[in-house]
Amino acid sequence: MSRAAAFTLAAGAAAALAAALPVRAAPDGTPDGATVFARCAACHTKTGAGVPGAFPPLGPDVRTMAASAAGRRYLALVVTRGVSGPITVAGKPYAGVMPAQGGLDDAAVAAVLNHVGTAIVKTGPDFKPFTAAEITGLRASGTALSAQDVGKLHAASGGQ
Ligand code: HEC
């Protein structure tokens, strides 16, 4: 199967999965990051290892990015606006498209990034959790940006 066909298939599967998965909230109303992550796993895989050449790994870079203001903005906008390269992640080039992840409110975006930064990525700099209020501000800072525009923010995000 060509890489493009594999990408289309995976994207379709991800969309179907996202539609089938309601965002479950804990009894106190906090969305469950692990539940939200199921939609990310459709592309980035359950462990976050990704698929070389198609879906980048969610690895220590994520924690490096989360350690700077520019990187935190990039991470929030990747989820809320999508991202399209060319970008280099862990030394490998990617030039695909991650669609904006619709249907996630600010608390759910914070929850999934916190799940990635703690349960999926276990090495790298200390991880400072995102709050819903922080996501509100970061999301608002990028409402005019396309996925390609977000890709251009990668270089200054601290990711390698
Ligand atoms: C339909 C497949 C798909 C889904 C679903 C998806 N992603 Fe992505 N993601 C990608 C692709 C593809 C890229 C790289 C874009 C490129 O090739 O330019 C990417 C890039 C990223 C990056 C940037 C990595 C870096 O080092 O710059 C992060 C962070 C990320 N995704 C997190 C998530 C999270 C969190 C979710 C779930 C809320 C998610 N992704 C859902 C396909 C997906």
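Count along the sequence shown from 1, add 71, and you get the number used in our numbering.
Every residue, glycine too, gets a C-beta built ideally from N, C-alpha and C.
Predicted model only: the values in this text are computed from it and were never measured.
Item	Value
Hey, would you say the C-beta of Leu-224 is under 7 Å away from at least one heavy atom of the ligand HEC?	no
Apart from the five residues on each side of it in sequence, which residues of its chain come closer than 7 Å, Cβ to Cβ, to Lys-199?	Ala-137
By DSSP's criteria, Thr-159 is part of a beta bridge. Which residues make up the other side?	Pro-164
Who are the Cβ neighbours of Thr-135 in its own chain at under 8 Å, not counting the five residues just before and after it?	Gly-142, Gly-195, Pro-196, Gly-229, Gly-230 and Gln-231
Can you tell which of Pro-128, Gly-104, Lys-117 and Ala-218 has the C-alpha that lies nearest to the C-alpha of Pro-164?	Pro-128
Is the CB-CB distance between Arg-144 and Ser-212 below 8 Å?	yes
Excluding the 5 residues preceding and the 5 following Gly-222 in the sequence, name in chain order all residues of the same chain whose CB lies nearer than 8 Å to its CB.	Val-154, Ser-155, Gly-156, Pro-157 and Ile-158
Quick check on the DSSP output: what are the complete beta strand (DSSP E) runs of length 3 or more inside the segment 103 to 164, in order along the chain?	158 to 160
Classify Pro-123: buried if its beta carbon has 16 or more other beta carbons within 10 angstroms, exposed otherwise.	exposed
Would you kindly report the start and end of the unbroken alpha helix (DSSP H) that includes Ile-206?	203 to 211
Keeping to the same chain, check which residues put their C-beta closer than 6 Å to that of Gly-186; ignore five residues upstream and five downstream.	According to the sequence provided, residue 186 is His. The question's Gly does not apply to it. Excluding positions up to five away in sequence, the list reads Gly-104, Ala-105 and Phe-108.
Verify whether the separation of the beta carbon atoms of Leu-146 and Leu-184 is less than 8 Å.	yes
Please go through the same chain and pick out, in chain order, the residues whose beta-carbon is closer than 7 Å to the beta-carbon of Leu-216, but skip the five residues on each side of it.	Leu-148 and Arg-152
Any idea if Gly-188 is buried or exposed, counting beta-carbon neighbours within 10 angstroms, 16 or more meaning buried?	buried
Straight-line CA distance for Met-169 to Gly-100?	28 Å
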